[in-house]
Amino acid sequence: MALKKGGAPQRPGWNCSAIATNETVGCMVPKYVNSTTCMYLGCCWNDTQADATDKCYTKRGGACFEYEGTVCNDSFTTLPEYRDTKRFFDNSFGLSGTERFLAKVIGIINDLAGDNEKCRYIMVNMLCHYTVPPCYSDGTILDFCKEDCEEIFNECSVTINQVIGGVKLYVHNEHIDFIHRGIPNCSIHHPRSYYERLPGNKTCINSGFFSE
Numbered sequence: 001m002a003l004k005k006g007g008a009p010q011r012p013g014w015n016c017s018a019i020a021t022n023e024t025v026g027c028m029v030p031k032y033v034n035s036t037t038c039m040y041l042g043c044c045w046n047d048t049q050a051d052a053t054d055k056c057y058t059k060r061g062g063a064c065f066e067y068e069g070t071v072c073n074d075s076f077t078t079l080p081e082y083r084d085t086k087r088f089f090d091n092s093f094g095l096s097g098t099e100r101f102l103a104k105v106i107g108i109i110n111d112l113a114g115d116n117e118k119c120r121y122i123m124v125n126m127l128c129h130y131t132v133p134p135c136y137s138d139g140t141i142l143d144f145c146k147e148d149c150e151e152i153f154n155e156c157s158v159t160i161n162q163v164i165g166g167v168k169l170y171v172h173n174e175h176i177d178f179i180h181r182g183i184p185n186c187s188i189h190h191p192r193s194y195y196e197r198l199p200g201n202k203t204c205i206n207s208g209f210f211s212e
């Protein structure tokens, strides 16, 4: 993960040479990255690869870490119960790649939803909680409640569909593919009542942006 602790880069938490070939995935780094930058961002380096985009790699999957970025700081205060909860990151993106993605999408939201402050506010905050979701202690992630997902499409249908169109184009052009997230699809989310029937204390994220 491309996380920094006390100003120093955090190296991968695994032995790079022990990552099987079928477990590797390229890191989302600048196009002409060198080994120093690659390792600084927390990825592994394989100089034997001919393609520069394959030289900088990591282990496929994701993990939960404390959020040490800046793009979503304000958004995470909208759900104070999860403010200090570890967040899930795709290993390929790490913190730096995720921050670049979030900043770009927030720019798209601001451009397309600037005239609708309520929808702009909701979309920016839900983007952060959706892309970097809070984790349970067992490493699984909290999902959005289906009711919230459906409500934003009802409340902001025109604006959010415009934004999704812009994001789809950006994702396609940049070959972005998060391991845990895709374009929002309410049909894959569960209602709050689903979690009430499950054992344990797991639930879904109720944003509080919409009335019950």
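Numbering (UniProt numbering), first residue to last: 1 to 212.
Each residue gets a CB set at the ideal place from its N, CA and C atoms; glycine is no exception.
Range of the contiguous alpha helix (DSSP H) that encloses residue i
i, result
"F153", "K146 to E155"
"G107", "G94 to A113"
"Y194", "R192 to E196"
"R120", "E117 to T131"
"S35", "S35 to Y40"
"D84", "Premise fails: D84 is in no alpha helix (DSSP H) and is neither H nor E."
"S75", "N73 to F76"
Run of the beta strand (DSSP E) containing residue i, from where it starts to where it stops
i, result
"V25", "T24 to G26"
"C56", "C56 to K59"
Anticipated Cβ contact below 8 Å, residue i with residue j, distance rounded
i, j, result
"K86", "C64", "4 Å"
"D143", "C204", "5 Å"
"E99", "G61", "About 19 Å; that fails the 8 Å criterion."
"C119", "C156", "4 Å"
"C27", "Y57", "6 Å"
Beta carbon of residue i nearer than 9 Å to that of residue j
i, j, result
"Y170", "V105", "yes"
"K146", "P184", "no"
"I141", "F209", "no"
"K59", "E23", "yes"
"S75", "L112", "no"
"V71", "L102", "yes"
"S187", "H129", "no"
"T37", "V25", "no"
"G166", "I108", "yes"
"Y82", "P134", "yes"
"F88", "V33", "no"
Residues sharing a beta bridge with residue i, DSSP
i, result
"A63", "F89"
"residue 213", "Since the first and last residues shown for the chain are 1 and 212, residue 213 lies out of range."
"I205", "F144"
"C43", "According to DSSP, C43 bridges with nothing at all."
Exercise. Take every Cβ of the region 44-64, pair it with every Cβ of the region 16-27, and state whether three or more of those distances are shorter than 8 Å.
Key: yes
Quiz item: Would you say the region 79-98 touches the region 174-188, given that touching needs at least three Cβ pairs under 8 Å?
Solution: yes
Quiz item: If you pair each beta-carbon of the region 160-170 with each one of the region 194-208, do three or more pairs fall below 8 Å?
Solution: Contact between the region 160-170 and the region 194-208 is absent: fewer than 3 CB-CB pairs across the two stretches fall below 8 Å.
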